[in-house]
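Here the protein sequences come in this chain order: F and A.
Just remember that the numbering used here sits 23 ahead of the position in the first sequence, which is counted from 1.
Just remember that the numbering used here sits 785 ahead of the position in the second sequence, which is counted from 1.
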Amino acid sequence: MNLKDISEAIQGDILYTSKDLMKDYSYAFASDLMSDVLTVKQSNMLLITGLINVQAIRTAEMSDIRCIIFVRNKKVSEGMIALAQETGISLIHSSFTMFKTCGLLFTAGLKPVY
Amino acid sequence: MHFRYKIEGGDFTNAGSTASAVKKVLKQLNIDPVIIKRTVVGIYEAEVNIVAHAYNGVIDVDIDENRIFARFEDAGPGIPDITKAMEEGYSTASEIVREMGFGAGMGLSNIKNNSDKLEIISQVGKGTTVEITNYFNSK
């Protein structure tokens, strides 16, 4: 699925895209715990999280994650968007819960990492 | 080449800037992306540990053609029982650290799993030194 399809599936808003709107994603991982995210070796995955701070962006940067979906309708700060732009990480905002977001994306074809 | 970074305890806004800088250097050196990822994950966790637990610290990074060596030296409370601290799930992190998405007792084991060589020396009441070595041709 590309970012456009992913965003539509969860009625999300694309806050920033790093020129990879049509890049395909196969896997997703959902967590609010960044140390858990840092244990995942899978590439080509996106992160679904309700953790709204710059460390979510930093964690994605270190984990080679190119897209983050922020759930539960939380406000993403300007500082987070600026860091996402600097590090080339696309951001999507969703008003849905993490459970609903995961369910919709799983149904749409994204796979779990294990 | 050698780099030195100063870290302030509690400065979560800038936590990860060292790992980010190292990642840029390793990419420029065309290091295998798998090795870059495991190296910067370890550096990031160790950097967050200083921010989360210490008063301040210094990170020295040395890179040659064969390996990257990173030393994290902090002034802080130290670790009374390193073996216990290495156990997954054991944590002394504050609520603020947990709100930042860390402090679940995964950090040191994550560092270990992403290092070819790891040394931890700690003195209670003084501070902790963590040394990570990763080789560029390791499997």
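Backbone N, C-alpha and C define an ideal beta-carbon position, used for all residues, glycine too.
Note that the structure is a prediction, hence the values are computed from the model and not measured.
Per-residue DSSP class, three states only, for residue 34 of chain F
coil
So if DSSP puts residue 916 of chain A in a beta bridge, which residue, or which two residues, is it bridged to?
For residue 916 of chain A, the beta-bridge partners assigned by DSSP are A:856, A:904.
CA nearest to the CA of residue 833 of chain A, picked from F:69, F:65, F:61:
F:61
Relative to the C-alpha of residue 34 of chain F, which candidate in F:93, F:56, F:70 has its C-alpha closest?
F:93
Residues within the stretch 57-76 of chain F neighbouring chain A, beta-carbon criterion of under 9 Å:
Result list: 57, 58, 59, 60, 61, 62, 64, 66, 72, 74, 76.
Can you find a heavy atom of the ligand FMN that lies under 6 Å from the Cβ of residue 113 of chain F?
The model on display carries no ligand, and the ligand FMN is accordingly not part of it.
What are the start and end residues of the alpha helix (DSSP H) that includes residue 57 of chain F?
57-60
Quick one: does residue 827 of chain A have its CB under 7 Å from some CB of chain F?
It does not; no Cβ of chain F falls within 7 Å.
Out of F:49, F:41, F:45, F:71, which has the shortest C-alpha to C-alpha gap to residue 55 of chain F?
F:71
Within a Cβ cutoff of 7 Å, which residues of the same chain sit near residue 920 of chain A, ignoring the five residues on either side of it in sequence?
851, 852, 901
Take the Cβ of residue 911 of chain A as the centre, count every other Cβ of all protein chains shown within 10 Å, and call the residue buried at 16 or more, exposed below.
The C-beta of residue 911 of chain A has fewer than 16 other C-beta atoms within 10 Å across all chains shown, which makes the residue exposed.
Where does residue 818 of chain A fall in DSSP's three states?
helix
The stretch 890-905 of chain A / the stretch 867-882 of chain A touching (three or more Cβ pairs under 8 Å)
yes
Any beta-carbon of chain F closer than 7 Å to the one on residue 871 of chain A?
no
How is residue 103 of chain F classed by DSSP in three states: helix, strand or coil?
Helix, per DSSP.
Could you check whether the stretch 108-119 of chain F touches the stretch 33-50 of chain F, counting it as contact only if at least three pairs of C-beta atoms, one from each stretch, sit closer than 8 Å?
yes
Whole-angstrom Cβ separation of residue 856 of chain A and residue 916 of chain A, contact assumed at under 8 Å?
5 Å
Compare the C-alpha of residue 814 of chain A against each of A:859, A:865, A:786, A:877 and name the closest.
A:786
Could you tell me which of A:881, A:882, A:788 sits nearest to residue 843 of chain A, measuring between CA atoms?
Comparing Cα-Cα distances from residue 843 of chain A to each of A:881, A:882, A:788, the minimum goes to A:788.
Quick one: what's residue 90 of chain F bridged to in DSSP?
Per DSSP, F:113.
First and last residue of the alpha helix (DSSP H) that includes residue 795 of chain A?
Segment: none, residue 795 of chain A is in no alpha helix (DSSP H) and carries neither H nor E.
Close-in-space but distant-in-sequence residues of the same chain around residue 908 of chain A (CB under 6 Å, 5 per side omitted)
863
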